[in-house]
Structures are given as structure tokens and as C-alpha cells.
Amino acid sequence: MYQPPNFREDRLEVQHRLIQSHPLGLLVTAGAGGLMANPIPFFLAPSVSPQGTLQAHLARANPQLQELAAASECLIVFQGPQGYVTPSWYETKQQTGKVVPTWNYATVHAWGRPRWIEDPVWLAHHLNRLTRHQEQGRPVPWEVSDAPAPFIASQTKGIVGIELEISRIEGKWKVSQNRPEPDRRGVVAGFRQQGEAAHPMAALVAEYGAIQEE
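Numbering of the sequence shown is given in my numbering, commencing with residue 307 and proceeding in unit increments.
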């Protein structure tokens with residue numbers, strides 16, 4: 307991934323937080339069938355290996371499973387907050403006009419060698435952890451055990467688990483760090499005005515740009 311120094315985020319705990327808050331990763335393989343990508347929800351076990359271990363499951367009918375079986379390495383892309391930045395938010399526009407649009411985003415790329423897992427005990431543990439992670443905070447969290455056991459058993463037969471010990475991980479937080487402070491303030495205000503969905507990016511620009519919001 308192209309990483310200008312201003313935008314590098316090498317802190318593992320920060321990278322892990324993005325994965326945990328945006329767990330739908332794009333699983334990318336390059337095999338005999340060419341490039342293949344599927345969005346898959348992942349569970350991060352941060353302390354299982356030095357850089358963390360990713361766990362997920364795919365439908366048994368998914369052709370990417372065959373690519374994973376032969377892969378020495380695959381890539382998973384996690385996308386955090388993102389948004390278009392208009393030059394109209396920059397004070398520099400009023401001063402010189404020498405500004406152009408851009409796109410802000412936070413992303414983590416993780417690499418590793420995947421392995422298949424068909425152990426029903428592992429799959430049951432994985433499904434419970436993945437579900438509980440997503441259901442936490444709901445008034446009445448749904449549990450896997452809420453469904454009939456024979457139904458869950460039949461559904462589990464249709465999936466295969468995958469586990470990937472992260473061998474390399476990169477983070478990029480492109481959040482206006484390269485702009486002068488007045489421009490960064492304008493970007494924060496601009497995202498705030500776009501509504502609640504854009505507030506996470508406003509918060510990142512403020513955090514990485516040392517902007518105190520009123």
C-alpha cells in the first residue's frame with residue numbers, strides 16, 4: 307500500500323481497533339483462477355499471535371475456498387471511516403485558489419497464510435464469538451442457541467472455517483494531516499455539517515490534526 311509518511315499508522319493497537327469496529331474485510335486471493343475477492347466478516351483474536359489472528363468462515367460452495375487451500379498468502383482489506391473532501395472547506399481556497407478535491411479514509415491491510423478448519427467444535431466456538439461480538443449492546447442480544455440445534459447443525463455443515471495468523475499489517479489514516487491548520491479546521495467543520503454518518507471522519511481529522519473542537 308502506498309504510504310506517505312504523514313499518513314502511516316503503525317500502532318498495532320490502533321490498527322486492531324479499526325478491524326474490531328469495521329470487521330467486514332475484503333478477502334483477496336491470487337491463484338489459478340486469477341484475482342478473487344469476497345467481503346467476509348472477521349473476528350480478531352489479538353493475543354493469539356504477535357500481530358493478531360483473524361478468524362472467519364466461508365460457504366462451502368464458495369470457489370475462493372479452493373484458492374485459499376493452495377494459497378501461501380492472502381490479503382484482507384479493512385475499510386474504516388471515509389469521505390470526500392471538497393476544496394470549499396479549505397481556507398486556502400479563499401487565499402490562493404490552489405487547492406483540489408481529495409478523499410479521506412482509514413484502512414488496514416493484513417496479510418497471512420490461511421488454513422482451513424472443519425472441526426465442528428472450533429466452528430461452534432467461532433460462530434458464538436462472532437455473533438456475541440456483533441450482538442453486544444442490543445436490548446435483547448440474539449444467541450446462536452436461540453435457533454433449534456438441528457437447524458444450526460445443518461447450517462454449520464455448509465461452511466468452512468478459516469484462520470489466518472497476521473504476518474504483516476499496514477495502516478493508513480489519510481485524514482488531512484498534510485493540510486495547514488485552518489484547512490484542517492474547515493474539514494472538521496465540513497464533515498460535522500454533513501450529519502452523524504460523517505462524524506467519525508470529523509473526529510479522526512480533529513484527533514490527528516490536533517484540533518480542539520468546541
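All C-beta atoms in this analysis are idealised placements derived from N, C-alpha and C, irrespective of residue type, glycine included. From a predicted model like this one, the values you see are computed outputs, not experimental measurements.
Residue i, DSSP secondary structure in three states
i    : result
R474 : strand
Q440 : helix
W395 : helix
V446 : coil
N434 : helix
Y308 : coil
H322 : helix
Same chain, Cβ closer than 7 angstroms to residue i, five either side skipped, listed in chain order
i    : result
A365 : G464 and I465
L436 : P347 and F349
K480 : F313, N410 and Y411
Own chain, CB closer than 8 angstroms to residue i, minus 5 neighbours either side, in chain order
i    : result
D425 : G467
W422 : L371, L374, A375, V466, G467 and I468
Y514 : W479, V481, S482 and Q483
Buried versus exposed call for residue i [16 or more other C-beta atoms within 10 Å across all chains shown]
i    : result
N312 : exposed
P420 : buried
N434 : exposed
G331 : buried
S353 : exposed
V405 : buried
Q401 : exposed
Q518 : exposed
Y396 : buried
H431 : exposed
Rounded distance between the beta-carbons of residue j and residue i, thought under 8 angstroms
i    : j    : result
H328 : L350 : In fact, because the Cβ distance is near 11 angstroms, the residues do not count as touching under 8 angstroms.
M342 : Q370 : 5 angstroms
S355 : I475 : About 11 angstroms; that fails the 8 angstroms criterion.
V320 : G477 : 7 angstroms
L324 : Q357 : Not a contact, Cβ separation roughly 14 angstroms.
G418 : L470 : 4 angstroms
For residue j and residue i, the rounded distance between their alpha carbons
i    : j    : result
V391 : D452 : 45 angstroms
G340 : L374 : 12 angstroms
I382 : V334 : 6 angstroms
D489 : A412 : 19 angstroms
V494 : A338 : 46 angstroms
E483 : T398 : According to the sequence as given, residue 483 is Gln; it is not Glu. About 15 angstroms.
H415 : E379 : 13 angstroms
E441 : E449 : 8 angstroms
V427 : P387 : 35 angstroms
A377 : A336 : 8 angstroms
W485 : D316 : Looking at the sequence shown, residue 485 is not Trp but Arg. Taking the straight line from one Cα to the other gives about 21 angstroms.
A508 : A367 : 41 angstroms
V511 : L360 : 28 angstroms
S460 : E487 : 57 angstroms
A516 : R491 : 10 angstroms
Same chain, Cβ closer than 6 angstroms to residue i, neighbours up to 5 away in sequence not counted
i    : result
A504 : G389 and F497
H363 : I465 and G467
L429 : T462 and G467
F457 : none
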